[in-house]
Amino acid sequence: MSISLNGKAGVVTGASSGIGREIALALGQAGMTQWLVGRSSSELEVTAAMIAEKGGGPTHCVPMDLAEPGALARLVQSIGKEHDHLFALVNNAGIMHPEPILSADPAQWRAMFDVNVLAPLEAIRAAVDLMRHQGKAGHIINVSSLAARFDAGGVYGASKIALDMISRSLRQELEHDDIRVTSIVPGGFSTNLGRSFAPESMARMAAAAADKGIDLSGPDAARLFGDPAKIAETVLFILEQPIELNFQEIVIRPAVSLEL
């Protein structure tokens, strides 16, 4: 039997677009009170308006630079003053600089680890502390990437490998708590991260797609880039399962995948 999320609190990062927005919409329709985190205040307000239009739960928009040390953790800590049950922390936000290691700017490496690893890590510790203090069940969902499985994943892939290891270690540390940890591992999905690809990366992607008979400018491109709403449906399903179950890792990829 699934559990009700109605009235429970959640934090979703990267909620201003893509997968994060779809997750926020799904959790909003389930009745959760949400703190929506993202870089764009205006886009967060769009997400909140979409939730309200569908009769979803209350939302709080929190524009934030996740690279600022401790910013996300402080937000999580503050929720305890406003709500008695933080149930879900969804670490979805991420940045990607896909340049080759030997030619990339080291500042980009630091930025990726600040946002993709350190911000979630600090928030997780704050969330676990709050969940334990409130004495109620909770769930941490970390959105990783298949880039962590490919040799060409570069520093972005390395940051997601780090997030995967954090998830694995947390599961062991939280075995005796009613706090579950799930790693969601998407393949290619239509998100703003795609805008980060350099022209040469797009050229390689187009060539790899052509080898499979797919024109990236045509309708068949949808076979390569999945609908972010499907990720959101998966997150909702996981959060609604009894706390006695732990979905450790879910890999979700489109029908056709490219090796770049």
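So for the sequence shown, this note's numbering puts the first residue at 1; every next one is plus one. Every residue gets a Cβ at the ideal spot worked out from N, C-alpha and C, and that includes glycine. Bear in mind the structure is a predicted one, so any value in this text is a computation, not a measurement.
Taking C-beta atoms as the reference points, glutamate 240 and serine 2 count as a pair closer than 9 Å.
Beta-bridge partners assigned by DSSP to leucine 36: Val12 and Cys61. When the alpha-carbon of methionine 64 is set against those of Ala119, Ile166 and Gln172, the nearest one is in Ala119. Sequence-distant partners of leucine 163 (beyond 5 residues in either direction) whose C-beta falls short of 7 Å from its own C-beta, in its chain, are Asn116, Val117, Pro120, Asn142 and Ser144.
Take arginine 21, set aside five residues on each side of it, and the residues of its chain with a beta-carbon closer than 7 Å to its own are Ala15 and Thr47, in chain order. Partner residues in the beta bridge of isoleucine 140, as assigned by DSSP, are Leu89 and Val181.
Going by C-alpha positions, proline 100 is about 9 Å away from alanine 152. Spatial neighbours of arginine 168 in its own chain (CB-CB distance under 6 Å, excluding positions within 5 residues in sequence) are not present. In this chain, the beta strand (DSSP E) harbouring isoleucine 250 covers 249–252.
Non-local C-beta neighbours of aspartate 84 in its own chain, meaning closer than 7 Å and more than five positions away in sequence, comprise Gln134, ordered along the chain. For glutamate 175, there is no enclosing alpha helix (DSSP H), as DSSP marks it with neither H nor E.
By the criterion of a C-beta distance shorter than 6 Å, alanine 26 is surrounded in its chain by Ala232 and Leu236, once the five residues flanking it on both sides are discounted. Beyond the five residues adjoining it in sequence on each side, isoleucine 79 comes within less than 8 Å, by CB distance, of Ala9, Val11, Trp35, Leu86 and Leu130 in the same chain, given in chain order.
Per DSSP, serine 42 is one residue of the alpha helix (DSSP H) stretching across 41–53. In the DSSP secondary-structure assignment, glycine 56 is not bridged to any residue. In this structure, proline 186 and leucine 146 form a Cβ contact; the two beta carbons are roughly 7 Å apart against a cut-off of 8 Å.
Ranked by Cα distance from glycine 226, the options Arg253, Glu244 and Arg171 are led by Arg253. Beta-bridge annotation (DSSP): proline 100 is not paired with any residue.
Here DSSP, grouped into helix, strand and coil, assigns proline 69 to coil.
Between glycine 56 and glycine 18, the C-beta gap is not smaller than 9 Å, which leaves the two residues out of contact. Residue environment analysis places histidine 139 among the buried positions, since at least 16 neighbouring C-beta atoms fall within 10 angstroms of its C-beta. Within its own chain, the residues whose Cβ lies closer than 7 Å to the Cβ of valine 62, once the five positions on either side in sequence are excluded, are Trp35, Leu36, Val37 and Leu75, listed in chain order. Here the alpha carbons of proline 58 and glutamine 29 stand approximately 10 Å from one another. Around the beta-carbon of arginine 180, 16 or more other beta-carbon atoms lie within 10 Å, marking it buried. Closest in C-alpha terms to serine 40, from the list Phe150, Glu53 and Ala93, comes Ala93. Check the Cα spacing between alanine 24 and each of His60, Ser4 and Ser42: the tightest is with His60.
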